[in-house]
Each structure stands twice: as C-alpha cells, then as structure tokens.
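Take the sequence shown: its position 198, counting from 1, is numbered 180 in my numbering, and each next residue is one higher.
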Amino acid sequence: MTHDDSDHHHEHDHEHGQHPPSDMELRVKALEFLLVEKGLVDPAALDAIVDHFEHKVGPRNGARVVARAWFDPAYRARLMEDATAAIAELGYVGGQGEHMMAVENTAGAHNMVVCTLCSCYPWPVLGLPPVWYKSAPYRSRAVIDPRGVLADFGVTLPDEIEVRVWDSTAELRYLVIPERPAGTEALSEDQLAALVTRDGMIGTARL
Ligand code: FE
C-alpha cells in the first residue's frame, strides 16, 4: 500500500515522536496529573489499566478473530472480503478500527504492518501499540529493511518467502492472519486462540 504523506498527515497528527506533544496529549497529561494530585487516581492503578489494554484485552480480541478464521472457512472468506464487518461480527468495533483489512500469511508470503509516519494501529483487535511499534527505528526500517527488522525480532525467513510490508494510515488498519501451525487440527477454537500472539498479528513474529 502506498503511503500518501500529505493526506495521512492531515488526517491525524498524533504520536509524532519528533514533534512537541499535541494539544490532546497535553490535556491528557494535565488531567492525569490532577487526578493523581487530588488523590482520585492511584498511578499504579493507571499503569495496571494501561497494561491490561496493552497486553490482555486488545490482542486477545485479535486472537479470537484469527482463531475463528482458522476454524471456520466461511468466516475466513468474509474476513478476507470485508475485515471490518467480519471483525464486528465478533463484537470488536470502535475507534481506530473503522476500516480494517486482513492480510494472510501463506507458505510463500509473510506480512508485516507498520505506520511509517506515526503509530496507526487497530485498537479494537490489538489494543494499544507497543512502544517499539511507535519508535522511529521500527517505522523507518520496516520499509527499507524488513528482513533486517524481522531478524532483530528473531525471525529469519528464507529468501523464497516474499515479505509484504503494509503501511497503516488513518483510513486503513491491518491485521496479519498468521498461518495456522501444523499439528493443530484437533484443537478447539479456544485452544487455537491461545496460540495467537500480538506480534504474530503485527507480523514481527511467526507462530
Ligand atoms: Fe499513523
């Protein structure tokens, strides 16, 4: 997917590491400071909430989508045709997930997702983006040297496997559907979902 810098930049201007914080970020910081200052919120509780969305709720939703796609060929077809609608079938809707596209790993192709300009990420299915996803090195190198980035994550792909890098925008967010691991034919949908990792759905890990 080509990246239209001008459109992208105008659509949203969050999380640009090289720029001063946005008005919204400053408001959030001010609100957080006041809540803590007045003893209304415990900072440790805030951290726990962020951790919950970052590591538990979000990626588990995506894992349900992947497991359903592996388990139910008709669902997989709907997911590949219209990911937004298929994901909504499972109840995962909301901000930053209005326009979704599923990209499927195969024996011959591996998909990896980045947002080169900032940190666009499919919140309803993956939760909050990890810090490295928002980092300048990942954002720049994912496009220039995807195999090198994958190697940093411990993933070495044979040359015959094509690497496809998808650049997220405010208009379109991607969910990588990893290949179903071999030997999982007897597993239930719940058991399959437990195999799916967040990084597997960003494309920086293989299952
Ligand atoms: Fe972005």
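Just so it is clear, CB atoms sit at the ideal spot from N, CA and C, and this is done for glycine as well. Here the structure is a predicted model, which is why all the values come from computation and not from measurement.
Methionine 83 versus glycine 21 - alpha carbon distance: Here the question's residue 83 lines up with position 101 in the sequence shown. Here the question's residue 21 lines up with position 39 in the sequence shown. If I take the Cα positions, the gap works out to 43 angstroms.
Helix, strand or coil at arginine 123 [DSSP, three-state]: Translated into positions along the sequence shown, residue 123 becomes position 141. Taken through DSSP and simplified to helix, strand or coil, arginine 123 comes out as helix.
Whether valine 96 touches alanine 65 by CB criterion (8 angstroms): What you label residue 96 is simply residue 114 of the sequence shown in a count that begins at 1. What you label residue 65 is simply residue 83 of the sequence shown in a count that begins at 1. No.
Segments of 3+ residues assigned as beta strand (DSSP E) that fall wholly inside the segment 21 to 64: The segment 21 to 64 contains no complete beta strand (DSSP E) run of 3 or more residues.
First through last residue of the alpha helix (DSSP H) which encompasses tyrosine 115: Taking the first residue of the sequence shown as position 1, residue 115 is located at position 133. Tyrosine 115 -> alpha helix (DSSP H) spans 113 to 116.
The segment 104 to 114 / the segment 42 to 62 touching (three or more Cβ pairs under 8 angstroms): Contact check between the segment 104 to 114 and the segment 42 to 62: three or more CB pairs, one atom from each, fall below 8 angstroms, which counts as touching.
Three-state class that DSSP yields for glycine -1 in the structure shown: As a working mapping, residue -1 is identified with position 17 in the sequence shown. Because glycine -1 carries a pLDDT of 44, less than 50, the predicted location of this residue cannot be relied on, and no value is offered for it.
Of the listed residues Thr98, Val131, Arg129, nearest to lysine 116 (C-alpha basis): As a working mapping, residue 116 is identified with position 134 in the sequence shown. Each of Thr98, Val131, Arg129 was checked against the Cα of lysine 116, and the nearest Cα belongs to Thr98.
Leucine 99 beta carbon near ligand 1 (any heavy atom closer than 7 angstroms): Here the question's residue 99 lines up with position 117 in the sequence shown. Remark: the shortest separation between the CB of leucine 99 and any heavy atom of ligand 1 falls under 7 angstroms.
8 angstroms Cβ cutoff met for aspartate 158 and isoleucine 184: By one-based count along the sequence shown, residue 158 stands at place 176. By one-based count along the sequence shown, residue 184 stands at place 202. Before going on, a small fix: residue 158 reads as valine here, not aspartate. Taking C-beta atoms as the reference points, valine 158 and isoleucine 184 count as a pair closer than 8 angstroms.
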